[in-house]
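Step one of this worksheet: look at the structure below.
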Amino acid sequence: MSRIKGKDTKPELLIRSMLHRRGFRFRLHSGQLPGRPDIILPKYKTVIFVHGCYWHRHEGCPYAYTPKSNQEFWLPKLEQTVRRDRLKTLELQQMGWEVLTVWECQIKKHPEEVVTQLTTALLHPD
Numbered sequence: 000m001s002r003i004k005g006k007d008t009k010p011e012l013l014i015r016s017m018l019h020r021r022g023f024r025f026r027l028h029s030g031q032l033p034g035r036p037d038i039i040l041p042k043y044k045t046v047i048f049v050h051g052c053y054w055h056r057h058e059g060c061p062y063a064y065t066p067k068s069n070q071e072f073w074l075p076k077l078e079q080t081v082r083r084d085r086l087k088t089l090e091l092q093q094m095g096w097e098v099l100t101v102w103e104c105q106i107k108k109h110p111e112e113v114v115t116q117l118t119t120a121l122l123h124p125d
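Rendered as structure tokens:
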């Protein structure tokens, strides 16, 4: 597990590059915010998490499979990740931040569509 990257993953780098090309400027991985968001856009009071489907248990995604071996270790670990994600999202929202989550499988299949959705969410918040 020590060789699994926690930041600067391929999906994250792709999203950052595409947002930057569209003129968005951002900060990265601030330890001052709960959950250390992957991308922070202070101008829009928005954070973006780029989640791996396996580690963050993307519901209904084939990449979020349950390991067949050593389940007594993996299941609690993966469930704790989901609980932590929910808690950190709630904390950020209570601080007034908009929280957006992008999933690895979405980025792999339709990166332009994902960035268009992010752009719309940033420029036209509800």
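In terms of numbering that gives the first Met the number 0, the sequence shown has 35 at position 36, counting the first letter as 1, and numbering is strictly consecutive.
Glycine included, every Cβ here is placed at the ideal spot set by N, Cα and C.
These figures come from a predicted structure and were not determined experimentally.
(message) Could you compute how far the alpha carbon of Y64 sits from the alpha carbon of D7?
(response) Taking the sequence shown and counting its residues from 1, the one referred to as residue 64 is at position 65. Taking the sequence shown and counting its residues from 1, the one referred to as residue 7 is at position 8. Their backbone Cα atoms lie some 23 Å apart in a straight line.
(message) Tell me the residue span of the beta strand (DSSP E) that contains F48.
(response) The count along the sequence shown starts at 1 and reaches residue 48 at position 49. Looking at the DSSP string, the run of the beta strand (DSSP E) that includes F48 is T45 to H50.
(message) Alpha carbons only, please: which of C52, V46, I14 and L27 is nearest the one belonging to C104?
(response) On the sequence shown, position 105 is the one that residue 104 refers to. The shortest C-alpha separation from C104 is found at C52.
(request) Could you tell me whether the region 55-74 touches the region 9-25, where touching means 3 or more Cβ pairs closer than 8 Å? (result) At 8 Å Cβ cutoff, the stretches do not touch.
(request) For the alpha helix (DSSP H) containing L12, list its first residue and its last residue. (result) Here residue 12 is taken as the residue at index 13 of the sequence shown, counted from 1. Start and end: K9 to R20.
(message) Starting from W73, trace the alpha helix (DSSP H) in both directions and tell me its first and last residue.
(response) As a first step, residue 73 is located in the sequence shown; it is residue number 74 there, counting from the start. From DSSP, the alpha helix (DSSP H) with W73 extends over Q70 to Q93.
(message) Rounded to the nearest angstrom, what separates A120 and W96 at their Cα positions?
(response) The residue labelled residue 120 in the question sits at position 121 within the sequence shown. The residue labelled residue 96 in the question sits at position 97 within the sequence shown. One Cα belongs to A120, the other to W96, and the distance between them is close to 13 Å.
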